[in-house]
Amino acid sequence: METCIKNPALFPILKKIGYSEGILEEVNSQSRWRRVTIPFSDPEGFRRRASSFEKNVLVFAKPLNRQALRYALSQERVIAITIDNDNWMLLTRRASLNMIRQQGKLVEVYMSASSGIIFKVIPLAYKWFNVVFSSCASDMTQLWPPLSKVNYLVIHGADEEEAIRWVYDNPSKLLLYASS
């Protein structure tokens with residue numbers, strides 16, 4: 013399952029490259045799974061935005077500072093914490109990693125993040141949290157086939173078994189978290 017698609021026109025391509033389903037980053041669609049990523053630094057602004065969406069929309073938080081990370085981790089509505097080039101520094105403190113592990117939230121990393129960030133996240137994912145790697149594609153050239161994701165993660169230091177788990181199993185766990 014691809015956990016982030018920004019363009020509904022990519023759904024026919026998903027099956028051809030190896031995915032069974034995808035989650036659309038568009039709230040007003042008729043897709044089976046819908047999600048919204050809310051970047052924020054102000055907890056009050058996040059609360060207002062998150063409460064404006066229907067209950068069946070999966071909410072991903074992209075905190076931009078440590079206070080926002082603490083707030084996002086405490087929210088039941090938040091399915092996962094999104095990490096990319098803008099906020100990867102939140103994973104540099106042990107206290108933040110402990111909070112993520114204690115709350116049991118998934119961490120989503122965009123494949124478009126720099127390879128240095130992916131290289132840094134891989135060892136953290138072994139010990140601290142479950143991770144999902146997402147294409148977050150808006151066109152076909154940004155879409156990563158699952159085997160390409162696995163190969164890319166292995167090149168960056170991941171064990172093959174773990175890379176397969178992160179690409180194939182953890183997206184299913186994401187939906188289990190969402191339905192519970």
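In terms of the numbering used here, the sequence shown is residues 13 to 192.
Built from N, CA and C at the ideal position, the CB exists for glycine as well.
In this chain, the beta strand (DSSP E) harbouring R46 covers R46 to F52. Between G30 and P158, the gap from beta carbon to beta carbon is short of 7 Å. Burial check for A175: the Cβ neighbour count within 10 Å reaches 16 or more, so the residue is buried. Shortest Cα-Cα distance from G116 to any of V90, Q154 and R44 involves V90. Here the C-alpha atom of V69 lies approximately 19 Å from the C-alpha atom of S32. Listed in chain order, the beta strand (DSSP E) elements of length 3 or more contained wholly in the stretch 18 to 83 are 34 to 36, 46 to 52 and 69 to 75. The criterion of a C-beta distance shorter than 7 Å is not satisfied by N77 and S108. If you draw a 10 Å sphere on the C-beta of I93, you find 16 or more other C-beta atoms in it, and that means buried. Under DSSP, E14 takes part in a beta bridge, and its partners are G34. By the Cβ neighbour-count rule, P135 is exposed, with fewer than 16 other Cβ atoms within 10 Å of its own. Around the CB of S86, fewer than 16 other CB atoms lie within 10 Å, so the residue is classed as exposed.
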